[in-house]
Amino acid sequence: MRRRNIVTFVAVSVIGLSMIPFVAKAAGGQSFVQAPSMDIRDNLYGNIADGLSEAGEYNRLNDFKYVYEQYGVVPREYMDMVTHVDSDWEEPYLNGLEYAENLETLQGEFIEELQELSPIKDLVNLKSIWIEYGDNTNLKELKNLTSLETLRISSSGYSDRANDEGTDEKPDMLALYDISELSNLSSLNEIKIYTQGLLQTVTMKKGTTSYEMYSPVIKSEQFGDKKIEYSEAYSNGENELFTEQDSLLKWENIPSDAEHLSFSWNVSNGKSFAFNGEVLIPINWID
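The sequence shown runs 23 to 309 under the numbering used here.
Put into structure tokens, the structure is as follows:
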């Protein structure tokens, strides 16, 4: 998979800009946005170039193209023209979008899943998010997106998507299980979340055949009083027994060679709100 060295890219860009005074002039003396993801840069370029062309601002368009094509950066003064970002992305970085204050839509399928949402945490005009997002247990970075209407998130649980299907590899990313930070987003009229991944490893003494824990899964207020339903996701054998009562999860007849426990959950509220997940809980056996 392609991964770009963010520090190197930024350093090269800054050095290049300092050598050519015209760049600062072309950007009206404004600062520059340096996005490490080529996919993000392409989206920024498309939004801005189309906007300037439609407005007939051809001199500004030529200046913008010069800066972008020479140095791969975007003058910040143009970022308010970016309203829609959509791509099949190879590089899972959102850095640079924090300056797109008028962004309304963010969506895309990623070869590798997003693991960081902080660049969009203050984009209060965002209305729709459709993304793949993994290795995080909660959605606290979305709690201030008061205009958000649609949220769709999926996660495979694999940092390398090549292991997603057709192999015996186990997930290696944390699962998203707490969506309570969405509760105060009153504009949300659609939540569709499906997550796979890991919970924290549990330590068990050899010879132990049962284990219990309270479920960490927390829904948001949009689900009202709908009950979360639980079941075992991957059995360790026909004798293993999984039960749940009042969110207390219990496994019995755990075999001595078990590598993990597991469970799945689902909760829905009508057709617009669904939160489903499957998790593995690795076991660390000790004497």
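For every residue, glycine included, the Cβ atom is placed at its ideal position computed from N, Cα and C.
{"query": "DSSP bridge partner residues for residue 54 (one or two, in chain order)", "result": "97"}
{"query": "Proximal residues to residue 265 (C-beta, below 6 Å), its chain only, five neighbours per side dropped", "result": "272"}
{"query": "Rounded straight-line distance, which links the Cα of residue 277 to that of residue 210", "result": "44 Å"}
{"query": "Contact set for residue 50: own chain, Cβ-Cβ below 6 Å, skip 5 residues either direction", "result": "In this prediction, residue 50 has a pLDDT of 48, which is less than 50 and means its spatial position is unreliable; what the coordinates show is noted afterwards. The residues are 99."}
{"query": "Rounded C-alpha distance that separates residue 115 from residue 58", "result": "7 Å"}
{"query": "Endpoints, beta strand (DSSP E) assigned at residue 236", "result": "233-236"}
{"query": "Segment contact, 8 Å Cβ cut-off, at least three pairs: the stretch 287-297 with the stretch 219-229", "result": "no"}
{"query": "Pairwise C-alpha distance: residue 66 and residue 79", "result": "17 Å"}
{"query": "Buried versus exposed call for residue 179 [16 or more other C-beta atoms within 10 Å across all chains shown]", "result": "buried"}
{"query": "Counted within 10 angstroms of its Cβ, other Cβ atoms place residue 122 as buried (16 or more) or exposed", "result": "buried"}
{"query": "Residue nearest to residue 309 in terms of C-alpha spacing, selected from 229, 234 and 238", "result": "229"}
{"query": "Bridge partners - residue 218, DSSP secondary structure assignment", "result": "300"}
{"query": "DSSP three-state assignment for residue 239, whether helix, strand or coil", "result": "coil"}
{"query": "Residue 244 (DSSP reduced to helix, strand or coil)", "result": "helix"}
{"query": "For residue 202 and residue 138, the rounded distance between their alpha carbons", "result": "18 Å"}
{"query": "Enclosing alpha helix (DSSP H) for residue 283 [first to last residue]", "result": "Per DSSP, residue 283 belongs to no alpha helix (DSSP H); it is in the beta strand (DSSP E), 282-291."}
{"query": "Cβ shell of residue 43 (< 7 Å), same chain only, five flanking positions each side left out", "result": "Legend: pLDDT at residue 43 = 32, less than 50; position of this residue unreliable, no value from coordinates given."}
{"query": "Through-space distance from residue 89 to residue 176, alpha-carbon basis", "result": "36 Å"}
{"query": "Through-space distance from residue 285 to residue 252, alpha-carbon basis", "result": "7 Å"}
{"query": "Euclidean distance between Cα positions of residue 92 and residue 125", "result": "25 Å"}
{"query": "Paired residues, beta bridge with residue 226 - DSSP", "result": "307"}
{"query": "Reduced DSSP category for residue 64 - H, G, I as helix; E, B as strand; rest coil", "result": "helix"}
{"query": "Cβ neighbour criterion (16 or more within 10 Å) applied to residue 267", "result": "exposed"}
{"query": "Buried or exposed (CB count within 10 angstroms, at least 16 for buried), residue 23", "result": "Residue placement at residue 23 is poorly supported in this model, since its pLDDT is 41, which falls under 50; the coordinates still yield a value, given next. Burial call: exposed."}
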